[in-house]
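Engineer: This is the structure I have questions about; it appears just below.
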Amino acid sequence: MVSEEKIRNRPQKFINQKGRIILSMITNIESKEKRVRYGEQKIRWARNKMPVLDSISKRWKIERPLNGIRVAACLHVTAKTANLLCTLKDGGAEVALCGSNPLSTQDDVVAALNEVFGVKTYAKHGDNKEMYYKRMNQVLDLKPHITVDDGADLINTLHSQRKELLNNVIGGTEETTTGVTRLKAMARNNYLMYPIIAVNNALTKHMFDNRYGTGQSTIDGILRATNYLIAGGIFVVVGYGWCGRGIAARARGMGARVTVVETEPVKALEAVMDGFEVTSMLKAAAKANFIVTATGNIHVVDKEHLENLKDGCILSNAGHFNVEINLEALQELSIRKQTVRENVEEYTMKNGKKVYVIGEGRLVNLAAGEGHPADVMDMSFSNQALSVEYLVKEGRNLKKDVYSVPEQIDAEVARLKLSSMGVETEKMTAEQKEYLNSWEIGT
Ligand SMILES: NC(=O)c1ccc[n+]([C@@H]2O[C@H](COP(=O)([O-])OP(=O)(O)OC[C@H]3O[C@@H](n4cnc5c(N)ncnc54)[C@H](O)[C@@H]3O)[C@@H](O)[C@H]2O)c1
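Its first residue numbered 24, the sequence shown is counted upward by one per residue in the working numbering.
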């Protein structure tokens, strides 16, 4: 991990923290009453675009499938997440929430969850590492039966520091690609102590949330932070997975000249046939106006690439952790770092060039924006809610492993979403069903 402490503890003349202090004062001047009101408005606004989750709430208020169940959640604290927690409460669960990233927490949402919606929420924007884990432990004090995670930090803390609580746990869910990767590694090493549903792997999650959600909100985060023109810019997307495909498509839609960097040959080929230039990180770095990483990997923009950057390059990351850009190396290559705009830090490099990092290299769409649109989170969080219901029923019969979301949940989420959009699908005739199940009929 990049040591943030190391960066922060450098002498003041090297790192101008003044900008950040002033900015955090600005975000804190609102009165508590105003924060609660804004947060409540945001949560209700998001709900307008979450009809699938709403339909689950309506059913659960009658059936109460989570009665007596305690759910500990570690998610980006946004208005969409607030709606998931309210739905889990509607199902009868006792819930507690902490943030899954210090820069993605929206303090007005925290205030409204605690004061209006009765959801115990332990999170604060800009928390340091110590506070981040302290609040996670406060959530674990709930003694959960179910964990809901985004990035696997909660599960990791439970397995490493709060082992005494493991006996209570029926199962857990995981929201994102990086979390699923970590949990599969835990299962492989026989370290995982309860079953996990990989919500990320549901088709109605990654095909929409990772692609269209990250695609749109990453561009949104970059625009909010910089207000720069995308059209005509050389826009480098590192990683052509679900997130990268979405970001590349949206950047092209805004008129950027998009280049893709990818390690997997099949995905690189796909990017080529989708009409993008594909090249190495070294060559891409030398010409980029914007670089966005979306790989789930470490130091994909490393020292040798940073040395090669063009003056004025805007660096940002959409992957889960702040390790994709080697910020320690950038620090070493620089003589000065200062906050020049909200969420933008300028590094003056020894070679005289200035480059800019958005949101300290953390998820740009959440650090500099509001995260995914509610419309896609409706599907992701409906998968979460239905997977929690499934675990309450079936979790005790599952092995300590990572499972896919059951197909019927995926299909149900798609069906409910289409119905909320007023979209009709075609139905197969009996003849067609028979044809597809037969081998006798040929030419
Ligand atoms: N910002 C958000 O809101 C958001 C939303 C969903 C997922 N995520 C996170 O984004 C990351 C990517 O998720 P995904 O679903 O697209 O994963 P994915 O596995 O579909 O795609 C990642 C791609 O990166 C490529 N890659 C790995 N190392 C590379 C390197 N050194 N250079 C170039 N390419 C490299 C892989 O080959 C793969 O194609 C994960 O960390 C995930 O948790 C973020």
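For each residue, glycine too, the CB sits at the ideal point set by N, CA and C.
All values reported here derive from a predicted model rather than from experimental measurement.
Starting from R93, trace the beta strand (DSSP E) in both directions and tell me its first and last residue.
Structural biologist: Unbroken beta strand (DSSP E) run through R93: R93 to L98.
Engineer: If we call anything under 7 Å between Cβ atoms a contact, is K103 one with A134?
Structural biologist: Result no, Cβ atoms of K103 and A134 do not sit closer than 7 Å.
Engineer: Consider the Cβ of A272: report whether some Cβ of chain D lies at a distance smaller than 7 Å.
Structural biologist: No chain D is part of this structure, which consists of one protein chain only.
Engineer: Examine the Cβ distances between the segment 87–105 and the segment 154–172 and report whether three or more of them are shorter than 8 Å.
Structural biologist: Yes: at least three Cβ pairs fall under 8 Å.
Engineer: Of the choices A272, G384 and A309, whose alpha-carbon is the least far from that of N481?
Structural biologist: Any answer about residue 481 is impossible in this case: the structure gives the chain only from 24 up to 466.
Engineer: Leaving out five residues on either side along the sequence, give the residues of the same chain with a beta carbon under 7 Å from the beta carbon of S123.
Structural biologist: Cβ within range, chain order: C97, L98, H99, D173, G174 and D176.
Engineer: Take every Cβ of the segment 113–123, pair it with every Cβ of the segment 137–146, and state whether three or more of those distances are shorter than 8 Å.
Structural biologist: Yes, the segment 113–123 touches the segment 137–146.
Engineer: Who are K290's beta bridge partners in DSSP?
Structural biologist: Beta-bridge pairing links K290 to no other residue.
Engineer: Shortest alpha-carbon distance to E365 belongs to which of N250, D131, Y155 and V132?
Structural biologist: When each option's Cα is compared against that of E365, the closest is N250.
Engineer: Pick helix, strand or coil for T110, following the three-state DSSP scheme.
Structural biologist: It is helical.
Engineer: Tell me which residue opens and which closes the beta strand (DSSP E) that F313 is part of.
Structural biologist: Per DSSP, F313 belongs to the beta strand (DSSP E) from F313 to T316.
Engineer: For F231, list the residues DSSP reports as bridge partners.
Structural biologist: Answer is none; F231 lacks a bridge partner.
Engineer: Hey, T237 and A390: beta-carbon distance below 7 Å or not?
Structural biologist: Not a contact, by the Cβ cut-off of 7 Å.
Engineer: Terminal residues of the continuous alpha helix (DSSP H) containing K269?
Structural biologist: In the sequence on display, residue 269 carries Gly and not Lys. Note, G269: alpha helix (DSSP H), W265 to G276.
Engineer: Pull the bridge partners of E197 from the DSSP assignment, please.
Structural biologist: In the DSSP output, where bridge partners are listed per residue, E197 has D172 and A221.
Engineer: In angstroms with no decimal places, state the Cα-to-Cα distance between I45 and T200.
Structural biologist: With a pLDDT of 34 at I45, under the threshold of 50, the modelled position of that residue is not reliable, and the figure given next carries that caveat. Using only the alpha carbons, I get a separation of about 35 Å.
Engineer: Out of F299, T282, V380 and F344, which has the shortest C-alpha to C-alpha gap to D334?
Structural biologist: Residue V380 is the option with its Cα nearest to D334.
Engineer: Could you check what DSSP says for T452 in three-state terms: helix, strand or coil?
Structural biologist: Coil, per DSSP.
Engineer: Assuming R268 contacts Q239 (C-beta within less than 8 Å), just tell me the rounded distance between them.
Structural biologist: So it is not a contact: roughly 13 Å between Cβ atoms.
Engineer: In the segment 120–195, which residue ranges form an unbroken alpha helix (DSSP H) of at least 4 residues, counting only runs that do not cross its ends?
Structural biologist: Segments of the alpha helix (DSSP H) lying fully in the segment 120–195: 130–138, 152–163 and 176–183.
Engineer: What residues in its chain sit with their C-beta under 6 Å from that of V203, if we drop five residues either side in the sequence?
Structural biologist: The answer, listed in chain order, is E197, A221 and N223.
Engineer: Taking K290 as the reference, give the member of N312, A308 and G264 with the closest Cα.
Structural biologist: Per the Cα distances, G264.
Engineer: So, helix, strand or coil for F258, using DSSP?
Structural biologist: Note: F258 maps to strand in three-state DSSP.
Engineer: Judging by CA-CA distance, which residue of S442, H395, C336 and D398 is the nearest neighbour of E368?
Structural biologist: The option with the nearest alpha carbon to E368 is C336.
Engineer: Just curious, the alpha helix (DSSP H) that M402 is in, first and last residue?
Structural biologist: Unbroken alpha helix (DSSP H) run through M402: A397 to E417.
Engineer: Mind reading off the beta-carbon distance from T180 to N160? Whole number of angstroms is fine, and I expect it under 8 Å.
Structural biologist: Yes, T180 and N160 are in contact; Cβ-Cβ is about 7 Å, under 8 Å.
Engineer: Keeping to the same chain, check which residues put their C-beta closer than 6 Å to that of G471; ignore five residues upstream and five downstream.
Structural biologist: Nothing can be reported for residue 471: it is not among the residues displayed for the chain, which extend from 24 to 466.
Engineer: By DSSP, does V59 sit in helix, in strand, or in coil?
Structural biologist: V59 falls in the helix class under three-state DSSP.
Engineer: Considering only C-alpha positions, which residue in the set N406, E447 and K450 is nearest to L111?
Structural biologist: Checking every option, the nearest Cα to that of L111 belongs to N406.
Engineer: Is the beta carbon of K290 within less than 6 Å of some heavy atom of ligand 1?
Structural biologist: Yes; taking the cut-off as 6 Å, the Cβ of K290 has a heavy atom of ligand 1 nearer than that.
Engineer: Quick one: using the 10 Å Cβ neighbour count with 16 as the cut-off for buried, is G465 buried or exposed?
Structural biologist: Burial call: exposed.
Engineer: Rounded to whole angstroms, what is the Cα-Cα separation between Y217 and Y413?
Structural biologist: If I take the Cα positions, the gap works out to 14 Å.
Engineer: Using the Cβ count rule (16 or more neighbours within 10 Å means buried), how would you classify P288?
Structural biologist: Answer is exposed; the Cβ neighbour count stays below 16.
Engineer: Give the DSSP bridge partners of L206, in chain order.
Structural biologist: The partner list for L206 (beta bridge, DSSP) is empty, contrary to what the question assumes.
Engineer: Rounded to whole angstroms, what is the Cα-Cα separation between R359 and V59?
Structural biologist: If I take the Cα positions, the gap works out to 38 Å.
Engineer: Between N191 and K166, what straight-line distance do the alpha-carbon atoms span, to the nearest angstrom?
Structural biologist: In a straight line, the C-alpha of N191 is about 7 Å away from that of K166.
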